[in-house]
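Numbering (full-length UniProt numbering), first residue to last: 1 to 197.
Beta carbons: idealized from backbone N, C-alpha and C, even for Gly.
Remember, predicted model here, so these are calculated numbers, not experimental data.
Remarks on the structure that follows.
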Ligand SMILES: Nc1nc2c(ncn2[C@@H]2O[C@H](COP(=O)(O)OP(=O)(O)OP(=O)(O)O)[C@@H](O)[C@H]2O)c(=O)[nH]1
């Protein structure tokens with residue numbers, strides 16, 4: 001059976017209740033948006049495979065030991081923005097070292113209710129050395145872009161393992177070609193799935 005992904009890792013969305021974490025995840029994985037708010041008890045868990053730089057990444061939408069974290073606030077809630085600092089300190093305390101982070105100001109479609117300026121988001125992201133996106137799960141603004149960017153950051157942070165994966169993959173390919181040339185029956189090729197969970 002064809003390999004469905006090369007690398008498996010987890011992304012976590014954190015932020016105050018109601019900022020749109022579940023909706024961001026559903027928009028990214030299923031291209032769906034739900035206008036009702038049913039508070040998540042525990043964790044939502046979704047998977048999606050995307051291809052970045054020729055490598056197929058399978059992301060788990062949620063996890064406790066995550067390789068990448070979205071810190072999400074709602075641009076129509078100053079309070080959710082103020083709480084980002086608390087979320088960042090929790091991440092610094094509990095997340096594994098080297099975890100990649102991106103700041104998200106969600107509900108960017110709610111311009112008339114805006115309480116947090118785009119510059120405030122940019123400034124906070126600069127202070128913490130993070131990338132920043134304003135998104136809308138409702139209109140699909142910057143969803144793919146932000147998930148792809150976090151994926152790229154995770155890949156960069158795991159460059160060494162990735163190089164090993166590429167070398168292994170090219171060896172596998174060369175071996176398969178050789179076997180084909182020699183007319184050998186195709187044996188089971190070990191799949192080189194990497195997990196950074
Ligand atoms: N206008 C607008 N509404 C949004 C957007 N994203 C989410 N919402 C709405 O905000 C509410 C909360 O969204 P959820 O995704 O359930 O929020 P959450 O952060 O997962 O909430 P908890 O599970 O309680 O932590 C829902 O009514 C959504 O429809 C958005 O981009 N724009």
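(message) Taking 8 Å as the cut-off, does the segment 67-77 touch the segment 18-25 (at least 3 CB pairs, one atom from each stretch)?
(response) By the C-beta criterion, the segment 18-25 is judged to be in contact with the segment 67-77, since at least 3 inter-stretch pairs fall below 8 Å.
(request) Could you have a look at residue 5 and say whether DSSP puts it in helix, strand or coil? (result) To locate residue 5, count along the chain shown from 1; it is residue 5. Of the three classes helix, strand and coil, the one that applies to residue 5 here is coil, per DSSP.
(message) Can you give me the C-alpha to C-alpha distance between residue 123 and residue 153, rounded to a whole angstrom?
(response) Here residue 123 refers to the residue found at position 123 when the chain shown is read from its first residue. Here residue 153 refers to the residue found at position 153 when the chain shown is read from its first residue. Taking the straight line joining both Cα atoms gives about 20 Å.
(message) Which same chain residues end up closer than 6 Å to residue 138 when comparing Cβ atoms and leaving out the 5 residues on each side of it in sequence?
(response) For the purposes of this step, residue 138 is identified with residue 138 of the chain shown, where counting begins at 1. Contacts found: 33, 109.
(request) Verify the contact flag: residue 34, CB atom, against every heavy atom of ligand 1, threshold strictly below 7 Å. (result) Position 34 of the chain shown, counted from the first residue, corresponds to residue 34. For ligand 1, at least one heavy atom lies less than 7 Å from the Cβ of residue 34.
(message) Measuring only from the beta carbon, is residue 40 closer than 7 Å to any heavy atom that is part of ligand 1?
(response) Along the chain shown, read from residue 1 onward, the residue named residue 40 stands at position 40. Yes, the beta carbon of residue 40 sits closer than 7 Å to at least one heavy atom of ligand 1.
(request) Using beta-carbon positions only, say whether residue 80 and residue 15 come within less than 8 Å of one another. (result) The count along the chain shown starts at 1 and reaches residue 80 at position 80. The count along the chain shown starts at 1 and reaches residue 15 at position 15. A distance below 8 Å separates the beta carbons of residue 80 and residue 15.
(request) Run through the segment 60-107 for me and flag every whole alpha helix (DSSP H) of 4 or more residues, listed as ranges in chain order. (result) The segment 60-107 contains these whole alpha helix (DSSP H) runs: 78-82, 84-94.
(message) In this structure, how does DSSP classify residue 121 when only helix, strand and coil are distinguished?
(response) Within the chain shown, numbered from 1, the residue matching residue 121 stands at position 121. The answer is helix: DSSP assigns residue 121 an H, G or I state.
(request) Could you round the C-beta distance between residue 131 and residue 102 to whole angstroms and report it? I think they count as a contact, below 8 Å. (result) Numbered from 1 along the chain shown, position 131 holds the residue referred to as residue 131. Numbered from 1 along the chain shown, position 102 holds the residue referred to as residue 102. Contact flag correct, Cβ pair sits at about 5 Å.
(message) Helix, strand or coil for residue 114? Go by DSSP, reduced to three states.
(response) Your numbering for residue 114 matches position 114 in the chain shown. Residue 114: coil per DSSP, three-state reduction.
(message) Just to confirm my understanding: we take residue 35, look at its own chain, exclude 5 residues before and 5 after, and list those with CB closer than 7 Å. What are they?
(response) On the chain shown, position 35 is the one that residue 35 refers to. Once the five neighbours on either side are set aside, residue 35 has no close Cβ partner at all.
(request) Identify the continuous alpha helix (DSSP H) that holds residue 263 and give its terminal residues. (result) There is no way to answer for residue 263, as the model of the chain reaches only from 1 to 197.
(request) State the CB to CB distance for the pair residue 106 and residue 75, rounded to an integer number of angstroms; the pair is presumed to be in contact (CB under 8 Å). (result) To locate residue 106, count along the chain shown from 1; it is residue 106. To locate residue 75, count along the chain shown from 1; it is residue 75. The distance from the Cβ of residue 106 to that of residue 75 is about 7 Å, consistent with a contact at the 8 Å cut-off.
(request) Using the Cα positions of residue 113 and residue 157, report the straight-line distance between them to the nearest angstrom. (result) The residue given as residue 113 occupies position 113 in the chain shown. The residue given as residue 157 occupies position 157 in the chain shown. Computed Cα separation, rounded: 37 Å.
(message) Any heavy atom of ligand 2 closer than 7 Å to the beta-carbon of residue 105?
(response) Looking at this structure, you won't find ligand 2 anywhere; what it does contain is ligand 1.
(message) To the nearest angstrom, how far is the alpha carbon of residue 6 from that of residue 89?
(response) Within the chain shown, numbered from 1, the residue matching residue 6 stands at position 6. Within the chain shown, numbered from 1, the residue matching residue 89 stands at position 89. Using only the alpha carbons, I get a separation of about 32 Å.
(message) Can you list, in chain order, the residues of its chain with a C-beta nearer than 6 Å to that of residue 63? Leave out the 5 residues immediately preceding and following it.
(response) On the chain shown, position 63 is the one that residue 63 refers to. Because residue 63 sits at a pLDDT of 38, beneath the cut-off of 50, its placement in the model cannot be relied upon, and the following sentence gives the value as read from the coordinates. Within the same chain, residue 63 has close Cβ partners 10, 12.
(message) Rounded to the nearest angstrom, what separates residue 78 and residue 48 at their Cα positions?
(response) Position 78 of the chain shown, counted from the start, is the residue given in the question as residue 78. Position 48 of the chain shown, counted from the start, is the residue given in the question as residue 48. About 31 Å.
(request) Give the straight-line distance between the Cα atoms of residue 104 and residue 163, rounded to the nearest whole angstrom. (result) As a working mapping, residue 104 is identified with position 104 in the chain shown. As a working mapping, residue 163 is identified with position 163 in the chain shown. So the two alpha carbons sit approximately 30 Å from each other.
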